[in-house]
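Under the UniProt record's numbering, the final residue of the sequence shown carries the number 123; numbering is consecutive throughout.
All remarks here apply to the structure that follows.
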Amino acid sequence: MCHWFITLKPCMTHGGHICFLPDEYKSKVACEDDRLRLNCNRNTVIAIYSVIFGRVQDSNLECPYQSLGTPSIECQSVSALSVMTKNCQGRRSCIVYASTNEFGDPCYPGVRKHLNVIYTCGS
C-alpha cells in the first residue's frame, strides 16, 4: 500500500511523495448536495491539504440557506479529510458530492452544510 504525504519544499519525486510549491494552493467550495470537482494540469496530481464538511462561522456567504429555528453553531465531519483523501489524493481529477451520504451528518437536522477543500497539484 502506498502512503502519500505532502512536503513543503520542492523535491525529487520518489516513493509516495507528492512534490509542490507552497504558493500553489487552491480552494474549492460546494454547498450541500452539489458536486465538487478538483483538477490538476497534465503530469500533476492532487494533494489534499485540508477539508471541512459541515458548517463554520461566516459560511453563510457561500451557502446561505439555513432552516428557520436551526441553531447557528459550528459543526464539522470528523471523516472529511479521510473521505477526500480516499477519493482524490494522487489523481489528476476527481468529483465528490458534498452530501451527508459521503461525509455523514455532523450537524443538527436542517443545517445547510458545505464542503471546503484546500489542495495543491504536484508531480
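Ideal placement from N, C-alpha and C gives every residue a C-beta, glycine not left out.
Beta-carbon spacing of residue i, residue j below 9 Å
i, j, result
"L81", "I48", "yes"
Length of the line joining the Cα atoms of residue i and residue j
i, j, result
"I52", "E102", "13 Å"
"E24", "T120", "6 Å"
"G90", "E32", "25 Å"
"S123", "R35", "25 Å"
"R63", "N43", "Correcting the residue identity first, residue 63 is Cys in this sequence and not Arg. Each residue's Cα considered, the two are about 33 Å apart."
"residue 129", "V96", "Nothing in the structure corresponds to residue 129, since the chain is present only between 1 and 123."
"V83", "A98", "11 Å"
"W4", "K86", "Because W4 carries a pLDDT of 42, less than 50, the predicted location of this residue cannot be relied on, and no value is offered for it."
Bridge-paired residues (DSSP) for residue i
i, result
"V111", "V111 pairs with nothing; no bridge assigned."
"S27", "I118"
heavy atom of the ligand COA below 8 Å from residue i C-beta
i, result
"E102", "Absence of the ligand COA is noted for the structure shown, with no ligands found whatsoever."
message: At 4 residues or longer, what runs of the alpha helix (DSSP H) sit wholly inside the region 35-108?
response: 80-88 and 100-103
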